[in-house]
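**Student:** After the structure tokens below, expect a handful of questions from me.
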Amino acid sequence: MTDHADPFEWSGGHPALDFVNTLDERPFDPPIENLATYRDLVRFAELAKLIEPSVAAPLRKLSDPACSRVARRARKLREHLHDVLAAAHAGQPLPQTDLDAIGAAIQVAHAARALVVSHSPGLAGHRWSRPVAPDTPLHACALSIEHLLVAVERKRIRKCWASDCDVYYVDTSKGQHRQWCRPV
Ligand SMILES: [Zn+2]
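Quick note: the sequence shown uses the working numbering, first residue 992, plus one each step.
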């Protein structure tokens, strides 16, 4: 269980967009950083259902010096995704340097998983090879970004219309007319 209120914005409709939205109030100086610490990252990944609670619990107790590096890499990964989304939203070519950085994170994340026997629906499924390694929540975020970029229709990825709001979301509304990050 968590010990204080959930600080995250969950209006993204996709965990990778919720991940981007962890830097809240982007147009303001300074924005609100909700992934300031490694524990924040673990908490986000758990609440976003990117990692199991049974994996999150031991990760929360880690005091490895690598943890703060992992949190920093996660924030960088998030900003690479943000720059891709911002370019797409502006109708500009997607920056390849950001895609390269995201691709590298996805590759490492794939390598952190093993194939194991599964009960349903397929014969096998993925498991973390070392679930309690500090970078597991980072890998989980990278795999979620891969899904967003590869499997979600581009026209459904939208930014809130409010000029002072940089929240991204997947528009799943009928007719795709959703314009705001939250219901108004
Ligand atoms: Zn908004």
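Don't be surprised by glycine CBs; every beta carbon is placed ideally from N, CA and C.
To the nearest angstrom, report how far apart Pro1018 and His1073 are at their CA atoms.
**Tutor:** Those two C-alpha atoms are separated by around 13 Å.
**Student:** Check whether the Cβ of Arg1173 lies closer than 7 Å to any heavy atom of ligand 1, and answer yes or no.
**Tutor:** Yes - ligand 1 has a heavy atom lying nearer than 7 Å to the Cβ of Arg1173.
**Student:** Can you grab the Cα-Cα spacing for the pair Ser1054 / Thr1028, in whole Å?
**Tutor:** Cα to Cα, the separation comes out at about 12 Å.
**Student:** Using a Cβ-based criterion (distance less than 7 Å to any ligand heavy atom), does Val1161 qualify as near ligand 1?
**Tutor:** Not so, every heavy atom of ligand 1 lies at least 7 Å from the Cβ.
**Student:** Quick one: grab the DSSP three-state call for Asp1126.
**Tutor:** Asp1126 falls in the coil class under three-state DSSP.
**Student:** Among the candidates Ala1153, Asp1015, Leu1008, whose CA atom is the shortest distance from the CA of Leu1041?
**Tutor:** Considering only alpha carbons, the answer is Leu1008.
**Student:** If you measure from the CB of Val1158, is any heavy atom of ligand 1 nearer than 7 Å?
**Tutor:** Yes, since a heavy atom of ligand 1 falls inside the 7 Å radius drawn around the Cβ of Val1158.
**Student:** Within the chosen definition, does the region 1092–1101 reach the region 1131–1151 through at least 3 CB pairs nearer than 8 Å?
**Tutor:** The region 1092–1101 is in contact with the region 1131–1151.
**Student:** Here's the rule I'm using: 16 or more other beta-carbon atoms within 10 Å means buried, otherwise exposed. How should Val1075 be labelled?
**Tutor:** By the neighbour-count rule (16 or more Cβ atoms within 10 Å), Val1075 is buried.
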